[in-house]
Every structure is written in C-alpha cells, then in structure tokens.
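Student: Let me give you the structure first, and then I'll get to my questions.
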Amino acid sequence: MSKAVYSTDNIGHYGLAFDYYSHFTSPIRRYPDVMVHRLLQHYLDGGKSADEEVYEVKCDHSSNMELLASKAERDSIKYMQVKYMKNHEDEEFLGVISGVTDWGIYVEIIENKCEGMIRLGDLDDDSYEFVEEDFAVVGRRTKNTYTLGDEVYVKVKNADLVKKQLDFWMVGSKEQVES
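For the sequence shown, this note's numbering gives the first residue as -7, with consecutive numbering after it.
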C-alpha cells in the first residue's frame, strides 16, 4: 500500500469514497494536524483563502519528514533486534518464512519478531532455485522446498550492528527437526 503524501490538492479518499477528505490524527499531533486546525480556525474566524503555495511547501516538508521518521524508527528497531540476537548466536529459534527471493529466504523468529536472511548459497544440502510463482525455493536434486509461511528452525550466523543485518543458518524445517 502506498504511503499517504500531504498535499493541498484534494484527491478525495478512494477507500472511503469521499470526494472531500482531510486527514488528521488525534490525540497524536503532527504538524499537518496543526496546519489543519489552524486553517479551520482561520476560516471559522472569517479569514480569506490561504496561500496554496505556502501550504504546498509545508506539505512537502511534512511528507519528507514523516518518511525520514519512519525510516529512523525502522532502523532503530532493526538495530536493537540485531543487538539482541548477537547474544543468542548458539541458540535455535523457530521462525516463519516471511520472504523468498532469488538470493535468499527471510525468516521472522516467532518468539521475538527478529527477522534475518538465509542466503541460498548457505543452504548446503542442495543447490536451490527460486520459483517466483510459488514463493518458494526448491532443491535441484532433493526437491526440498521452502515456501512462504513455512515454519523453520534457524541459528544466528552473523549479527552485524553496523549494517543492521541478521544472517541465519538453516537448521531445518519444523517437520525435519521435530521428527
């Protein structure tokens, strides 16, 4: 889903099917909320139409700052996850495959929501190929398959605080490990 962008252009609200729409959050106060409140008060007091160009600059700035804040929040969460996992390198964790690409498998640990990647080259029991339409990787020889949503056991291979990256070793699928 695309991120909302603040603007003076009224594009309505697709999901709510409103022709006229202004979004502001309460009780959280962001600067765009303050702008809306100030404009409403200005018009209630009989004020003339505000300068659109001035508000468009403020809207652009607010959109950019919100994106920057979201990125900072994601980065800080990832940093703390990596820092936490650095102290648990010898432990096995049950996780869920949350992403599959042609370079690796992303796994989110169920217990703590930390996400890391297993590089396809690190799967040493076979040579794996990415099957995009199935959201899976399949072993060429063994036909072992790892699919989006599968539960697997992993261990921490590398916890890089500078890059804010977690790399995992595959221990095995839940069925393989528990049987």
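Glycine residues also receive a C-beta, built at the ideal position from the N, C-alpha and C atoms.
Being a predicted model, the structure only gives us computed values, none of them experimental.
Less than 8 Å separating the beta-carbons of isoleucine 110 and glycine 96?
Tutor: For isoleucine 110 and glycine 96, yes; Cβs fall inside 8 Å.
Student: Using 8 Å for Cβ pairs, my map puts valine 88 next to isoleucine 102. What's the rounded Cβ distance?
Tutor: Indeed, because the Cβ distance is near 6 Å, the residues count as touching under 8 Å.
Student: Give a yes or no on whether 8 Å exceeds the smallest Cβ distance from glutamate 121 to chain B.
Tutor: Chain labels in this structure do not include chain B; a single protein chain is all it has.
Student: In three-state DSSP terms, what is histidine 29?
Tutor: Of the three classes helix, strand and coil, the one that applies to histidine 29 here is helix, per DSSP.
Student: Does the beta-carbon distance from alanine 42 to histidine 53 come in below 8 Å?
Tutor: Not in contact: alanine 42 and histidine 53 (Cβ atoms no closer than 8 Å).
Student: Grab the span of the alpha helix (DSSP H) containing asparagine 56 for me, first residue to last.
Tutor: From DSSP, the alpha helix (DSSP H) with asparagine 56 extends over 44 to 78.
Student: Please return the same chain residues whose Cβ sits closer than 6 Å to the Cβ of histidine 5, not counting the five positions on each side in sequence.
Tutor: Excluding residues within five positions, the ones whose Cβ falls inside 6 Å are Tyr13.
Student: Return the Cβ separation of valine 163 and tyrosine 138 in integer angstroms, given the expectation that the two are a contact with Cβ distance under 8 Å.
Tutor: Going by Cβ atoms, the distance from valine 163 to tyrosine 138 rounds to 12 Å, so no, they are not a contact pair.
Student: Is it buried or exposed for tyrosine -2, if we count other Cβ within 10 angstroms and need 16 for buried?
Tutor: Tyrosine -2 should be labelled buried.
Student: Can you tell me which of the three DSSP states valine 163 falls into?
Tutor: In the structure shown, valine 163 sits in a strand (DSSP, three-state: E or B).
Student: Where does valine 74 land, buried or exposed, given buried means 16+ other C-beta within 10 angstroms?
Tutor: With 16 or more Cβ atoms within 10 Å of its Cβ, valine 74 is classed as buried.
Student: Using three-state DSSP, classify glycine 113 as helix, strand or coil.
Tutor: Glycine 113 falls in the helix class under three-state DSSP.
Student: What is the rounded straight-line gap between the Cα of aspartate 37 and the Cα of arginine 30?
Tutor: If I take the Cα positions, the gap works out to 10 Å.
Student: The beta strand (DSSP E) with glycine 87 in it runs from where to where?
Tutor: It spans 84 to 92 - the beta strand (DSSP E) in which glycine 87 sits, taken as one unbroken run.
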